[in-house]
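**Q** Can you keep this structure in mind? I'll have questions shortly.
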Amino acid sequence: MKVTVVGAGAVGASCAEYIAIKNFASEVVLVDIKEGFAEGKAMDLMQTASLNGFDTKITGATNDYSKTAGSDIAVITSGIPRKPGMTREELIGINAGIVKSVSESLVKHSPDVILIVVSNPMDTMTYLAHKVTGLPKNRIIGMGGALDSARFKYRLAEALEAPISDVDGMVIGGHSDKGMVPLTRLATRNSVPASEFLSEERLDEVLQATKVGGATLTGLLGTSAWYAPGAAVSGLVQAIACDQKKIFPCSTLLDGEYGLSDLCIGVPVVLGRNGIEKIVEINLSDAEKAAMQASAEGVKATNALI
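Going by full-length UniProt numbering, the final residue of the sequence shown carries number 306, and the count climbs one at a time with no gaps.
Shown next, in the form of C-alpha cells:
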C-alpha cells in the first residue's frame, strides 16, 4: 500500500506521521514545492521509526511526481493555510490553481489513485478535483466532515463531562463556519441521546462551538490547526487501505442524494478499498434539511468562483 501526501507542512507531516505509526502502509511519499523540505521532513520522521515501532518507509521529493507513481491513495494538503480572521473561502484564488495542478500530476502518474482533498475551501476544492480529473465519484473524497465530527465529539464530551469514548456524533454539510450542520439531535452518550443529559441551550452552545472550531484554533495558534486534521486524514486513509467499511462524514459528489446535485458536500459515507462504497442517506428533521439546503447554497456560491 503506497500513500502520497502532497504538502509537507504541518498538516501533511502530521498526516504522514499518523499513517506511519499505524503501520498499515508500506510506503508514504511526501511531496512539496519547497526545495529539500519534504526530504527533510521524511528523514526526521524516519528517525522516529525505531522509537515509535513502525516499518513504513517514508520518503520525500521536491515537486517530483514521478516518485508518486503507483500510489493507491493520495492526500492533497497543499495550499496556503488560514490566518486569524480569514475564512476558508478567502483561500480560493491561490488554492484552486494549486489543487488543479496537483490533481492532474497525481492522476498522470497513478491513474487508479483515490484522492483525499484537505485544501480549503475543501468542498469546492473537492468539486474542482472532480472537474479536473474526471475520476469516478467514489475515488475523490473531501476530508472536512471527519475533522468537524471529531471537534463535535470533543465539545460534546466537554459538555457531558464524559470520556470521549462514551460519545458519538456527526457533522454534515459544508466544511465552513456557517455551513456545517452538527446533528445534535442524533448525538449520543453510550447510545443514550445527549439530550437526556444536556439542555437544549447547552446543546446549542456545543453546536456553535463546533461550527467555529477551526477559527477558534486559528485565533489561538495564528495559523490552521494540524494535529486533528492529520489524524482525521489518517483515519480515512486507513479505512480505505484496510477495507474497513467504516462510516465517516465526507465531502462527496452528490447526484440527487439529500435532494442535492452537482456539488460536493459532507454526508455520511461507507469507506472501503474502493473509496466511497456507499452514500448513507439518513432521515433529517425539517430544521436539519433547511440547514443542509442553506449550506449547499453557500458551497455552490463558492464553486461559482472557480
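The C-beta atom is built at its ideal place from N, Cα and C for all residues, glycine as well. None of the values given here were measured: they were computed from a predicted structure.
1) Does any C-beta atom of chain C lie closer than 8 Å to the C-beta of Asn283?
2) Apart from the five residues on each side of it in sequence, which residues of its chain come closer than 7 Å, Cβ to Cβ, to Val206?
3) Going by beta-carbon coordinates alone, are Ser71 and Ser110 separated by less than 8 Å?
4) Using a Cβ-Cβ cutoff of less than 7 Å, which residues in the same chain neighbour Ala162 once the five nearest sequence positions on both sides are dropped?
5) Going by beta-carbon coordinates alone, are Gly179 and Val31 separated by less than 8 Å?
6) Compute the Euclidean distance between the alpha carbons of Leu203 and Lys57, then round it to the nearest angstrom.
7) DSSP three-state call for Gly9: helix, strand or coil?
8) On the premise that Val11 lies in contact with Ile76, defined as a C-beta separation below 8 Å, what is that separation, rounded to the nearest angstrom?
9) Any idea if Leu305 is buried or exposed, counting beta-carbon neighbours within 10 angstroms, 16 or more meaning buried?
10) Hey, out of Leu186, Glu104, Ala49, whose CA is closest to Gly134's CA?
11) Using 8 Å for Cβ pairs, my map puts Gly142 next to His175. What's the rounded Cβ distance?
12) Take Ala215 and list the residues in its own chain whose beta-carbon comes closer than 7 Å to its own, dropping the five residues that flank it on each side.
13) Beta carbon of Gly169, beta carbon of Gly266: below 8 Å?
14) Run through DSSP, which three-state label would Asp204 get?
15) Can you look up Leu217 in the DSSP assignment and give me helix, strand or coil?
16) Identify, in the order they occur along the chain, each residue of the same chain with its Cβ nearer than 7 Å to the Cβ of Ile279, setting aside the five sequence neighbours on each side.
17) Can you have a look at Lys2 and say buried or exposed, based on whether 16 or more other CB atoms are within 10 angstroms of its CB?
18) For Leu91, list the residues DSSP reports as bridge partners.
19) In terms of DSSP beta bridges, what is Cys250 paired with?
20) Quick check: Pro121 and Thr302, are their CB atoms within less than 8 Å of each other?
21) Just to confirm, are Leu115 and Ala129 a CB contact at a threshold of 8 Å?
22) DSSP three-state label for Arg189, please.
23) Ends of the beta strand (DSSP E) at Val117?
24) How should Ser295 be labelled, buried or exposed, when 16 other C-beta atoms within 10 angstroms of its C-beta is the threshold for buried?
25) Over what stretch of residues does the alpha helix (DSSP H) that includes Pro121 continue unbroken?
26) Counting along the chain, where does the alpha helix (DSSP H) carrying Ile306 start and finish?
**A** Working from what's here:
1) The structure shown has no chain C; it contains just one protein chain.
2) Here residue 206 corresponds to residue number 206 of the sequence shown, with the count starting at 1. Arg155, Leu156, Ala159, Thr184.
3) Your numbering for residue 71 matches position 71 in the sequence shown. Your numbering for residue 110 matches position 110 in the sequence shown. The answer is yes: Cβ separation under 8 Å.
4) Here residue 162 is taken as the residue at index 162 of the sequence shown, counted from 1. Non-local beta-carbon contacts of Ala162 in its own chain, meaning distances under 7 Å to residues more than five positions away in sequence, involve Arg189 in chain order.
5) Taking the first residue of the sequence shown as position 1, residue 179 is located at position 179. Taking the first residue of the sequence shown as position 1, residue 31 is located at position 31. Their beta carbons are not under 8 Å apart, which means Gly179 does not touch Val31 by this criterion.
6) Indexing the sequence shown from 1 puts residue 203 at position 203. Indexing the sequence shown from 1 puts residue 57 at position 57. Rounded to whole angstroms, Leu203 to Lys57 spans 44 Å at the Cα level.
7) Translated into the one-based positions of the sequence shown, residue 9 becomes position 9. Gly9 falls in the coil class under three-state DSSP.
8) Here the question's residue 76 lines up with position 76 in the sequence shown. Here the question's residue 11 lines up with position 11 in the sequence shown. That belief does not hold up - the Cβ atoms of Ile76 and Val11 are roughly 10 Å apart, past 8 Å.
9) For the purposes of this step, residue 305 is identified with residue 305 of the sequence shown, where counting begins at 1. Answer is exposed; the Cβ neighbour count stays below 16.
10) On the sequence shown, position 134 is the one that residue 134 refers to. Closest option to Gly134, Cα to Cα, is Glu104.
11) What you label residue 142 is simply residue 142 of the sequence shown in a count that begins at 1. What you label residue 175 is simply residue 175 of the sequence shown in a count that begins at 1. The beta-carbon distance between Gly142 and His175, rounded to whole angstroms, is 7 Å. This is short enough to meet the 8 Å contact definition.
12) In the sequence shown, the residue the question calls residue 215 occupies position 215. Only Asp177 meet the Cβ criterion.
13) Residue mapping note: residue 169 aligns to position 169 of the sequence shown, counting from 1. Residue mapping note: residue 266 aligns to position 266 of the sequence shown, counting from 1. Taking 8 Å as the Cβ cut-off, Gly169 and Gly266 do not qualify as a contacting pair.
14) The sequence position of residue 204 within the sequence shown is 204, counting from 1. Asp204 falls in the helix class under three-state DSSP.
15) Taking the first residue of the sequence shown as 1, we reach residue 217 at position 217. Three-state result, Leu217: helix.
16) Along the sequence shown, one-based indexing puts residue 279 at 279. Thr252, Glu257, Val267, Val269.
17) Locating residue 2 in the sequence shown gives position 2, counting from the first residue. Buried is the call here.
18) Taking the sequence shown and counting its residues from 1, one reaches residue 91 at position 91. Leu91 has no beta-bridge partner at all, per DSSP.
19) Sequence index remark: in the sequence shown, residue 250 carries index 250 (1-based). Paired residues: Val267.
20) Translated into positions along the sequence shown, residue 121 becomes position 121. Translated into positions along the sequence shown, residue 302 becomes position 302. For Pro121 and Thr302, yes; Cβs fall inside 8 Å.
21) As a working mapping, residue 115 is identified with position 115 in the sequence shown. As a working mapping, residue 129 is identified with position 129 in the sequence shown. For the 8 Å CB-CB criterion, Leu115 and Ala129 form a contact.
22) The residue given as residue 189 occupies position 189 in the sequence shown. Shown here, Arg189 sits in a strand according to DSSP, grouped into three states.
23) The sequence position of residue 117 within the sequence shown is 117, counting from 1. It spans 114-117 - the beta strand (DSSP E) in which Val117 sits, taken as one unbroken run.
24) Position 295 of the sequence shown, counted from the start, is the residue given in the question as residue 295. Answer is buried; the Cβ neighbour count reaches 16.
25) Against the sequence shown, residue 121 aligns to sequence position 121. Neither: Pro121 is in no alpha helix (DSSP H) and is coded neither H nor E.
26) For the purposes of this step, residue 306 is identified with residue 306 of the sequence shown, where counting begins at 1. Segment: none, Ile306 is in no alpha helix (DSSP H) and carries neither H nor E.
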